[in-house]
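Numbering (the numbering used here), first residue to last: 23 to 194. Backbone N, C-alpha and C define an ideal beta-carbon position, used for all residues, glycine too. Reading through the structure tokens given below for one structure.
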Ligand code: CA2
């Protein structure tokens with residue numbers, strides 16, 4: 023199973039500025055934690071990608087189709103503004119968990135809106151770097167459950183559920 027990680031603008035500053043708000047872990051530290059947990063779960067971690075540019079993120083998301091089974095997406099400020107990232111995620115068709123370090127609902131009202139949350143499998147927010155690990159556990163759980171129920175992954179649209187053999191009507 024391949025799980026991709028996408029990080030949006032300014033997240034390259036993590037651990038360097040504003041540690042009071044976003045914690046002291048850098049993206050490299052978060053990546054190490056994710057890799058350790060991915061190894062325990064027996065899944066591959068792809069990326070992580072970080073960009074401050076919307077178009078670069080859109081292209082990275084396009085690249086998930088057919089490659090990733092799931093994704094963790096912290097689109098940072100673009101979460102609240104980017105129709106382009108929403109459309110790219112829809113086009114990629116890869117199930118994803120929206121992740122935030124901070125509890126966005128405990129912050130300014132403009133952060134309460136997400137253009138991604140309603141197309142995500144779910145949202146993890148407010149646990150600092152741990153949000154990513156929780157998000158990884160959640161997306162792996164989701165992909166495994168989808169496979170058990172016969173739903174396709176790797177950016178393909180959902181397959182028709184396996185057809186059951188018709189029950190033989192009781193005799194008499
Ligand atoms: O809590 C999150 O993970 C956010 O996605 C972080 C974004 C913010 O715009 C979202 O509303 C919530 C901001 C990322 C900026 O990261 C910085 C890190 C250090 C110093 C300055 C910014």
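Helix, strand or coil: how does DSSP classify residue 130 here?
Coil at residue 130, not helix or strand.
Within 7 Å: the Cβ of residue 74 and any heavy atom of the ligand CA2?
no
Cβ-heavy atom distance between residue 24 and the ligand CA2 below 7 Å?
No, Cβ of residue 24 sits at least 7 Å from all heavy atoms of the ligand CA2.
Taking 7 Å as the limit between beta carbons, can you name the residues of its chain near residue 31, skipping five residues before and five after?
74, 98, 99 and 100
What is the DSSP secondary structure of residue 42, counted as helix, strand or coil?
helix
CB of residue 101 to nearest heavy atom of the ligand CA2: below 7 Å?
yes
If I'm right that residue 95 touches residue 120 with Cβ under 8 Å, what's the distance once you round it to whole angstroms?
Here residue 95 really is in contact with residue 120; their C-beta atoms are around 6 Å apart, less than 8 Å.
On a CA-only basis, which of 45, 29 and 33 is nearest residue 151? Give me that one, please.
45
Is the beta carbon of residue 90 closer than 8 Å to that of residue 116?
yes
Does the beta-carbon of residue 55, which I'm using as the reference point, lie nearer than 7 Å to any heavy atom of the ligand CA2?
no
Please say whether residue 138 and residue 111 have beta carbons closer to each other than 8 Å?
yes
What do you reckon, is the C-beta of residue 98 under 7 Å from a heavy atom of the ligand CA2?
Within the cutoff, so yes.
Would you report the Cα separation of residue 162 and residue 25, rounded to the nearest angstrom?
8 Å
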